[in-house]
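Trainee: Pasting a structure below so you can have a look.
Numbering (my numbering), first residue to last: 199 to 497.
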């Protein structure tokens with residue numbers, strides 16, 4: 199159990215009082231309580247400032263991953279752009295640099311454990327310790343009835359969408375814990391919250407990501423590492439094109455969405471920036487649903 203220890207503090211640069219509350223939590227081994235908080239107090243000018251932080255984003259050559267890489271770089275992070283396609287990654291990184299950001303490309307196929315190890319090691323070699331890990335890359339090779347899914351397709355879905363995230367976290371979290379801070383962000387989906395008659399296998403993998411997030415948050419929270427999920431609804435990406443490119447499908451979907459539209463990649467990237475920043479320093483084990491209200495509409 200944690201005990202709130204509150205103390206009145208005064209900002210030297212801001213002429214107002216604030217209440218600084220720390221939570222005493224036992225470290226992983228010796229059982230003693232610690233009130234150490236390794237996160238910076240958010241900047242008043244930019245509460246999502248990421249200046250100097252190192253971020254690794256898988257699947258960042260397009261869609262949500264690309265939008266996240268571009269936004270984090272604009273906020274000051276040093277970003278590693280990664281996917282299987284080097285040329286596509288180079289395009290994203292070049293754009294970031296032209297905008298004054300700092301980006302480095304390390305290609306990676308997340309289904310290969312050795313390439314994940316090389317991604318993390320290469321990042322540390324180039325930039326130094328990792329502050330933010332965004333597990334964004336995913337696959338969905340099957341569209342149809344769940345009980346007819348081929349074993350190979352199901353194994354690929356679970357391997358790329360769940361097991362690869364475990365590999366990424368195993369390569370990254372211990373070093374974060376040794377430094378007493380770090381943020382892991384898993385891009386899941388509302389497919390993990392709802393049933394589906396056509397992408398059931400994908401939904402199973404995304405529900406597993408929710409559980410992975412909660413388990414890692416509980417295990418590594420005492421060491422200062424935060425793990426959270428984002429569950430987007432239908433977003434206009436190439437990955438989800440089969441669900442929105444047909445006008446009739448799009449019309450049906452938007453009719454049951456309170457905001458009456460589908461999302462854009464940059465609208466998910468904002469949540470990634472929040473979770474990676476010190477503004478989210480007291481948030482872990484949670485899932486942020488960003489779906490235009492579709493899961494709560496009751497329509």
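In this text, a Cβ means the ideal position worked out from N, Cα and C, and glycines have one as well.
It should be emphasised that the depicted structure is a prediction, and the values quoted were computed from it without experimental measurement.
Consult DSSP for residue 270 and reduce its assignment to one of helix, strand or coil.
Mentor: Residue state, collapsed to three classes: helix.
Trainee: Secondary structure at residue 358, three-state DSSP: helix, strand or coil?
Mentor: Residue 358 falls in the helix class under three-state DSSP.
Trainee: Decide if residue 208 is buried, meaning its Cβ has at least 16 other Cβ atoms within 10 Å, or exposed.
Mentor: Any reading at residue 208 must be qualified, since the residue scores a pLDDT of 34, below 50, and its modelled position is unreliable; the value itself is stated next. With fewer than 16 Cβ atoms within 10 Å of its Cβ, residue 208 is classed as exposed.
Trainee: Can you tell me the Cα-Cα spacing of residue 470 and residue 428, whole angstroms?
Mentor: Distance between the alpha carbons of residue 470 and residue 428: 8 angstroms.
Trainee: From what residue to what residue does the beta strand (DSSP E) around residue 426 run?
Mentor: That run of the beta strand (DSSP E) goes 423 to 430.
Trainee: Starting from residue 293 and walking both ways along the alpha helix (DSSP H), at which residues does that stretch end?
Mentor: Its alpha helix (DSSP H) spans residues 284 to 296.
Trainee: Does DSSP put residue 250 in a helix, in a strand, or in coil?
Mentor: Note: residue 250 maps to coil in three-state DSSP.
Trainee: Nearest by alpha-carbon distance to residue 394: which of 301, 345, 255 and 465 is it?
Mentor: Nearest C-alpha to residue 394: 345.
Trainee: So, at 6 angstroms on beta carbons, what are the nonlocal neighbours of residue 370 in its own chain, with the 5 sequence-adjacent residues on each side left out?
Mentor: 318, 328 and 331.
Trainee: Taking the alpha-carbon positions, what's the residue 230 to residue 422 distance?
Mentor: Unreliable placement is indicated for residue 230, whose pLDDT of 41 sits below 50; the coordinate value is still reported in the next sentence. Whole-angstrom Cα-Cα distance: 15 angstroms.
Trainee: Could you pull out every residue in the same chain whose Cβ sits closer than 8 angstroms to the Cβ of residue 289, ignoring the five residues on either side in sequence?
Mentor: For residue 289, where only same-chain residues beyond five positions count, the Cβ hits under 8 angstroms are 259.
Trainee: Alpha carbon to alpha carbon, how far is residue 264 from residue 279?
Mentor: Roughly 8 angstroms separates the two Cα atoms.
Trainee: Tell me which same chain residues have a C-beta within less than 8 angstroms of the C-beta of residue 326, skipping the five on either side of it?
Mentor: Cβ within range, chain order: 252.
Trainee: If you follow the beta strand (DSSP E) that residue 333 is part of, which residue opens it and which one closes it?
Mentor: Unbroken beta strand (DSSP E) run through residue 333: 330 to 333.
Trainee: So which of 295, 363, 493 and 396 has the shortest CA-CA distance to residue 454?
Mentor: Per the Cα distances, 493.
Trainee: Please report how far the alpha carbon of residue 480 lies from the alpha carbon of residue 292, in whole angstroms.
Mentor: Their Cα atoms are separated by approximately 34 angstroms.
Trainee: Taking only beta-carbon positions, decide if residue 450 is within less than 8 angstroms of chain B.
Mentor: Given the protein chain composition of this structure (a single chain), no chain B is represented.
Trainee: Do you know whose CA, among 383, 358, 475 and 489, lies nearest residue 245's CA?
Mentor: Cα-wise, what sits closest to residue 245 is 475.
Trainee: Taking residue 490 and residue 431 to be in contact with their CB atoms under 8 angstroms, please state how far apart those CB atoms are, rounded to whole angstroms.
Mentor: That pair is a contact at about 6 angstroms.
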